[in-house]
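In our numbering, the protein residues as written are -17 to 493.
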């Protein structure tokens, strides 16, 4: 109109702009950034944590990167002494590019930790979109210091957690995308852990027989193809193992497992540890009609229980801080929003209780995490001391030891693994002193055992040390050369083959 003045200073407003939508986007961003930020803060605090046996994977990856193959001792028949094939390949790829293996393992672990939180964020939002508590599962995982501890440990556990969440997330997608995501996640699980193939097969099998939202023919394609791909992946892995190592199973399976179910107590402790979350599954699924959300919760609970059964035969020594069950933590907390939704009538009380549970559940773990962290730093320093002593010996002597991790990796000396993880003779036939004398290298020139110096003598403390030191032939063959460190109640005794030391001109002295 002629008398109407146009306001040229007013900004153009997009037709698609909506204050409510903008607010929702801010909440979404906060729901992802808050867990990731909490996780990264804990990463900084726990960055220096590592566990001794991760160095077994480092040694294999280093030898592969150097062109010596997947070998524990180059030049000797290969033995599969690691339990994380895909992880070793990733570390070896980084080593070929000149990246330090210890640093790259931590960086990759943290990246998979972040990816797991992002995938869990997406999964939880899809299950509870528009509902009150969907943001809680990624936050619960992020505030858990045990999760962070293993993400920075150098082991593959965060990667396994990512494949698990990815597979379950795939179950919420459209059929074609679901099929390809399950193919990828199934292969990832199969190549990551020996028991991963069972978990990988369980998820599509569950969908094939339980998911009634699709006709049978469509289910056969959607879940059958991932099973076929998994079968091809497993067949390729088994053929490789048989040709390269001469065995269908990793050597660690023979070394770690026992039919006596030694980890039943550890698994029982995990049940107590996760009791509030198991209760959440019961509440969330109680008398609920069949739906896509209940299907996801059911398959999540299935794989958690399946893993609990699979790790029962594992040696408790390998079960530090729920190590083999930590990757399943993102699925364990997945039912919390559904449980809180069922109890929505008590909203104010629930808000306070949920906040208190998160704080107590996360903070109560810190003393145990701190103790584990300090213990590993304690061993880390003593392993450094041993390697410094070994560097003083002439040539490349063969070492025999129970701690088949940092010391062999750092020293890069030929090593006999008394535990049997990297020695198929001991893994299959059990430990005996004769197994040490029958080493492919002959009698080891150096024997390293844990020791207690508090009484003024050298007294074996752990593992098979007591059996070895009482052996008459061992006593005649070896003589104490050094203790690392010499001024503390616990350390490592380094013993040398007397005849070898005499030939090499190594002098013995009182430690």
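Note that beta-carbon positions come from the ideal geometry of N, C-alpha and C, so glycine has one too.
- Burial check for residue 30: the Cβ neighbour count within 10 Å stays below 16, so the residue is exposed.
- With fewer than 16 other beta carbons inside 10 angstroms of its own, residue 268 counts as exposed.
- Its chain contains 245, 248 as the residues whose beta carbon lies nearer than 7 Å to that of residue 301, once the 5 sequence neighbours on both sides are disregarded; these appear in chain order.
- For residue 419, the CB contacts under 8 Å within the same chain, skipping 5 residues up- and downstream, are 425, 455 in chain order.
- Taking a cut-off of 8 Å for Cβ pairs, the stretch 51 to 63 and the stretch 213 to 232 touch, as three or more such pairs fall below it.
- Contact between the stretch 347 to 357 and the stretch 132 to 142 is not established, with fewer than three Cβ pairs separated by less than 8 Å.
- Between residue 442 and residue 315, the gap from beta carbon to beta carbon reaches 8 Å or more.
- Counting along the chain, the unbroken beta strand (DSSP E) around residue 466 starts and ends at 460 to 466.
- In chain order, 477, 478, 480, 483, 490 place their CB closer than 8 Å to the CB of residue 461, counting only its own chain and leaving out the 5 sequence neighbours on each side.
- Cα atoms of residue 129 and residue 286: separation of roughly 16 Å, rounded to the nearest angstrom.
- Assigned with DSSP and collapsed to three states, residue 135 falls in coil, not helix or strand.
- Using a 10 angstroms sphere on the CB of residue 447, the tally of other CB atoms reaches 16 or more, which defines it as buried.
- Here the C-alpha atom of residue 77 lies approximately 13 Å from the C-alpha atom of residue 50.
- In the structure shown, residue 400 falls within a coil segment according to DSSP collapsed to helix, strand and coil.
- Residue pairing from DSSP places residue 441 in a beta bridge opposite 434.
- Distance from the CA of residue 378 to the CA of residue 423, rounded to the nearest whole angstrom, comes to 12 Å.
- Counting only residues of its own chain and dropping the five nearest sequence neighbours on each side, residue 279 has a CB closer than 7 Å to the CB of 263, 266, 267, 316, 317, 320.
- For the pair residue 399 and residue 70, the Cα-to-Cα distance works out to about 19 Å.
- When only Cα atoms are considered, residue 56 and residue 414 end up about 24 Å apart.
- Taken through DSSP and simplified to helix, strand or coil, residue 476 comes out as strand.
- Within 10 angstroms of the beta-carbon of residue 457 lie fewer than 16 other beta-carbons, which makes it exposed.
- Within the DSSP bridge table, the entry for residue 239 names 296 as partners.
- By the beta-carbon neighbour count (other beta carbons within 10 angstroms, threshold 16), residue 474 is buried.
- Rounded to whole angstroms, residue 284 and residue 256 show a C-alpha spacing of 15 Å.
- For residue 381, the pairing in a beta bridge is given by DSSP as 397, 428.
- A straight line joining the alpha-carbon of residue 94 with that of residue 141 spans about 5 Å.
- CA-to-CA, the gap between residue 432 and residue 74 works out to about 31 Å.
- Residue 251: member of the alpha helix (DSSP H) spanning 246 to 255, first to last residue.
- Looking at the backbone, the Cα of residue 192 and that of residue 277 are separated by about 8 Å.
- With fewer than 16 other beta carbons inside 10 angstroms of its own, residue 271 counts as exposed.
- Around the beta-carbon of residue 337, fewer than 16 other beta-carbon atoms lie within 10 Å, marking it exposed.
- Within the model, the alpha-carbon separation for residue 382 versus residue 24 is close to 37 Å.
- Ranking 386, 310, 147 by CA distance to the CA of residue 100 puts 147 first.
- Taking C-beta separations shorter than 6 Å and ignoring five residues to either side along the sequence, the partners of residue 13 in its chain run 117, following chain order.
- By the beta-carbon neighbour count (other beta carbons within 10 angstroms, threshold 16), residue 330 is exposed.
- Taking C-beta atoms under 8 Å as the contact rule, residue 67 and residue 173 qualify, at a distance of about 5 Å.
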